[in-house]
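See below for the structure under consideration.
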Amino acid sequence: MGYFRELPNIEYKSPLANKISNKSYIQAKNLFRRMKIRDDLQSVFTVFNKYIIKDGARPDTVAEELYGKSTLDWVLLISAGIINVQNEWPLYSKELYDYCVEKYRLENVNDVHHYETKEIKDSQGKLILPAGKSVDSNFSITYYDNGTLITPTLSSTVIGVSNYEYETLENEKKRTIYVLRTEYLQQFLTDMRNEMIYKKSSQYVTDKLIKT
90 MGYFRELPNI EYKSPLANKI SNKSYIQAKN LFRRMKIRDD LQSVFTVFNK
140 YIIKDGARPD TVAEELYGKS TLDWVLLISA GIINVQNEWP LYSKELYDYC
190 VEKYRLENVN DVHHYETKEI KDSQGKLILP AGKSVDSNFS ITYYDNGTLI
240 TPTLSSTVIG VSNYEYETLE NEKKRTIYVL RTEYLQQFLT DMRNEMIYKK
290 SSQYVTDKLI KT
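Numbering (this note's numbering), first residue to last: 90 to 301.
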């Protein structure tokens, strides 16, 4: 990921057993220098485009598609607010199935995870029960329709959602992200690189290096 090339460096005392002396230092990337999109810009739709992640797409392939460089995958992830790619990026179909088998075991993949309501309307089209509400397996409802008390059957009121269906729905929610529009890319890179420059301090060595 090209992101790490953008990070400034930090020197700290070596913790290694084979260090030459107590004055031995190790240089590494300053991972604490993390950047994010300003909160007040997250709701500005002129800065971002809605994007649907296709099955099998990776951050680097999407970055190549949008920005012309796979190494700008970190820009994509920052603008989408994704920190943990493993948990926040959608799995492709084979990965999702393998994940379900590992999590629930093969024999339990199609077991009921939870129950949800089905949509019910009266004869006038008035909504009585919205769909998709999590309920107990024995949930029931009664209502009046033109003066008649109606008690729908359990099968017309509740539906079971399997473990695999549940994980598939959760995975699909991750497909919709908002990405930085290409016309703002260079400004973003410039601002980000300026923020990565160290200011003068007791730890200052160069614009890209401090010593602690």
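We put the CB at the ideal spot given by N, CA and C, even for glycine.
- Asp187 carries a helical assignment under DSSP once its states are collapsed to helix, strand and coil.
- Partner residues in the beta bridge of Lys210, as assigned by DSSP, are Leu216.
- By the criterion of a C-beta distance shorter than 8 Å, Asn119 is surrounded in its chain by Leu96, Pro97, Asn98, Ile99, Ile299, once the five residues flanking it on both sides are discounted.
- Looking at the DSSP output, Ser103 shares a beta bridge with no other residue.
- Contact annotation: Leu238 and Val136 have beta-carbon atoms that are not nearer than 8 Å.
- Inter-residue distance for Ala169 and Thr265 is about 9 Å (C-alpha atoms, whole angstroms).
- Each residue's CA atom was taken as its position, placing Ile248 and Asn176 some 28 Å apart.
- Looking at the DSSP output, Val247 bridges to Thr206.
- Bridge partners of Ser223 according to DSSP: Glu205.
- Between Ile142 and Ile167, the gap from beta carbon to beta carbon reaches 8 Å or more.
- A buried status is given to Tyr253, since no fewer than 16 other beta-carbon atoms sit within 10 Å of its beta-carbon.
- Between Tyr156 and Thr271, the C-beta spacing is below 8 Å.
- For Gln116, the enclosing beta strand (DSSP E) has its first and last residue at 114-118.
- For a cut-off of 8 Å, the C-beta gap from Lys207 to Thr246 is around 6 Å, short enough to register as a contact.
- Around Asp162, the same chain offers Met90, Pro148, Asp149, Ala152 as residues with beta carbons nearer than 7 Å, after the five sequence neighbours per side are excluded.
- Leu195 counts as exposed, since fewer than 16 other C-beta atoms from the protein chains shown sit within 10 angstroms of its C-beta.
- The residue among Asp225, Asn199, Tyr188, Leu274 with its C-alpha nearest the C-alpha of Lys158 is Leu274.
- In the DSSP annotation of this structure, the continuous segment of the beta strand (DSSP E) that includes Asn138 starts and ends at 137-141.
- Here DSSP, grouped into helix, strand and coil, assigns Asp234 to strand.
- For Tyr92, the enclosing alpha helix (DSSP H) has its first and last residue at 92-95.
- Residues Ile266, Val268 of the same chain have their beta carbon placed closer than 6 Å to that of Tyr140, with the five preceding and five following residues left out of the count.
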